[in-house]
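To start, the structure under review is shown below, and the notes come after it.
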Amino acid sequence: MKSLFHCFAYVFLSLLFICFNSCNILDKEPEPLPEIIIIGADEIVMPESAGQQEIMFTTNRPWSVAATEISAVKWLTVSPTSGQEGNITLVITTRANNTYDNRSIGIIITADTVDKVISVVQKQKDALILSPNIREVTNEGGTIDLELKTNLDYEVIIPGKSKEWVSQIQSRALDTYNLQFTIAAYDKPEEREGLIVIKDRNSILADTLFVIQTGVFYESEDYSKDGNVITLQSASRGKGIDLVFMGDGFTDKDIASGKYNDYMHRAMEHFFSIEPIKSHRDYFNVYSITIVSPNNVYEYNGTETALDVKFGESTHIEGNHTKCVEYASNAPVQDINKTLVTVVINHNVWAGTTYW
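Just so you know, we're using UniProt numbering here: the sequence shown kicks off at 1 and counts up by one.
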């Protein structure tokens, strides 16, 4: 009987222990599930320029940003990349987007078993690129082709009097746009200039094509002043450093009108407008050589200039070195091999890289 009582007491205590522990388990609150709450939009759009923007979120677990995603690009950084639970602020930093396409990446935030993706989009660089920016047309007129590279909705504007002799034919859309324009014939001796403006419809972004049409070709008749030497300046200090200025593409009419001499004086003044040359001007002898060219049009069938100037790729210019030396030798220089010779081109073009 005593043994039975002991057995019963043991069972009773065991049940009481199980019941007590079960009650503790039931009374204990379950651990909350991991979560990430993004404060604000889950997509941010950055401008094309370099900049920063903040992303705020809250989480109840230690968190991190997927490093493999961020290391895959060089244009974006995230700071910090990991931390403890709480209210978090990420700083997104982007470099300038110099490409003509939008670019994007997904930033993955991980807290325990939960992931959240924030999309970052950086806007493209808007562009209107004309190639080339200057076109020269003969007096006969004709058609010019213009290549336009753009990622914008554009329009063609032919302003002012330009529309009287310049008109668009049509455009054909490819990866680039090939635009065609008709240039009317021209029967006057002086050249004329027109504009074609390609403009974004939604902003002020634009690029401009300058159209230069030559007049009826004129041919020089009076070569009596060809090779004449004019002293523009004599050195007042030292033995004198010799400079020679000459022009190409100037006709006898340009000589007679004073245009040639005006250009030579202007070229000299430009030369002495920059330091340290400006402060040492008194050390220089400056001469101008008058050169009469048959025509004032370059590289067109049947035209000729005295120094055979030709325009190469980009800003390159070349000409007849021997003729330059022959003309420069007319000046009373001390040593032609130590004389700086400057050739002024009678043409409106952005160029000047040369080796003669």
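Ideal Cβ positions, reconstructed from N, Cα and C, are used throughout, including at glycine.
CA-CA distance, Gly302 and Asn296?
12 Å
Does DSSP put Glu31 in a helix, in a strand, or in coil?
coil
Is the beta carbon of Phe181 less than 8 Å from the beta carbon of Ile157?
no
Alpha carbon to alpha carbon, how far is Met56 from Val45? Give it in angstroms, no decimals.
15 Å
Less than 8 Å between the C-beta atoms of Ser203 and Ser293, yes or no?
no
By DSSP, does Arg172 sit in helix, in strand, or in coil?
Its pLDDT being 46, under 50, Arg172 is placed unreliably by the model, and the measurement read from it follows with that caveat. Strand, per DSSP.
C-beta atoms of Lys323 and Leu307 nearer than 8 Å
yes
Which term fits Gly249, buried or exposed, when burial requires 16 or more other beta carbons within 10 angstroms of its beta carbon?
buried
Express the C-alpha separation of Ile109 and Ser119 in angstroms, rounding to a whole number.
11 Å
What would DSSP say about Lys225, mapped onto helix, strand or coil?
coil
Do you know how far the Cα of Arg281 is from the Cα of His347?
28 Å
Flag this pair as yes or no: are the beta carbons of Leu232 and Met264 separated by less than 8 Å?
yes
If you draw a straight line from the C-alpha of Asn261 to the C-alpha of Ile255, how long is it?
7 Å
Range covered by the alpha helix (DSSP H) that runs through Lys323:
321 to 328
For Gly141, collect the residues of the same chain with a Cβ closer than 7 Å to its Cβ; drop the 5 residues on either side in sequence, then sort them by chain order.
Ile183, Ala184, Ala185, Tyr186
Start and end residues, beta strand (DSSP E) containing Lys149
142 to 150
Across which residues does DSSP place Glu299 in a beta bridge pair?
Glu299 is not bridged to any residue.
By DSSP, does Ala127 sit in helix, in strand, or in coil?
coil
Which residues does DSSP pair with Phe57 in a beta bridge?
Ile38, Ile88
Exposed unless 16 or more other CB atoms sit within 10 angstroms - verdict on Trp63:
buried
Hey, quick one: how far does the alpha helix (DSSP H) through Asp101 stretch, first residue to last?
Careful: Asp101 lies outside any alpha helix (DSSP H) and carries neither H nor E.
Can you give the beta carbon distance from Ile198 to Ala206, rounded, assuming they're within the 8 Å contact cut?
6 Å
Where does the unbroken beta strand (DSSP E) through Phe210 begin, and where does it stop?
206 to 213
Inter-residue Cα distance where the pair is Asn139 and Arg192
9 Å
Could you have a look at Ala66 and say whether DSSP puts it in helix, strand or coil?
coil
Identity of the residue in Tyr223, Ser257, Arg266, Glu304 nearest Thr342 by Cα
Arg266
Does the beta-carbon distance from residue 357 to Ile212 come in below 8 Å?
Residue 357 lies beyond the stretch modelled for the chain, which goes from 1 to 356, so this question has no answer here.
Glu269, DSSP secondary structure in three states:
helix
Tell me, to the nearest whole angstrom, how far the beta carbon of Glu85 is from that of Asn102; I am working on the premise that it is less than 8 Å.
34 Å between Cβ atoms; not a contact.
Taking DSSP's pairing of strands, which residues face Tyr287 in a bridge?
Thr231, Val244
If we call anything under 8 Å between Cβ atoms a contact, is Val309 one with Tyr298?
yes
Helix, strand or coil at Glu219 [DSSP, three-state]
coil
May I ask you to list the residues that DSSP assigns as paired with Gln122?
Met46, Arg103
Euclidean distance between Cα positions of Glu54 and Lys149
35 Å
Pull up the CB-CB distance for Lys188 and Val166, whole angstroms please, since I reckon it's below 8 Å.
The Cβ separation is near 16 Å, so there is no contact.
Which same chain residues end up closer than 8 Å to Ile252 when comparing Cβ atoms and leaving out the 5 residues on each side of it in sequence?
Checking the displayed sequence, the identity of residue 252 turns out to be Asp instead of Ile. Counting only Cβ-Cβ distances below 8 Å, and skipping sequence neighbours, we find Ser220, Glu221, Asp222, Tyr223, Lys225, Val292.
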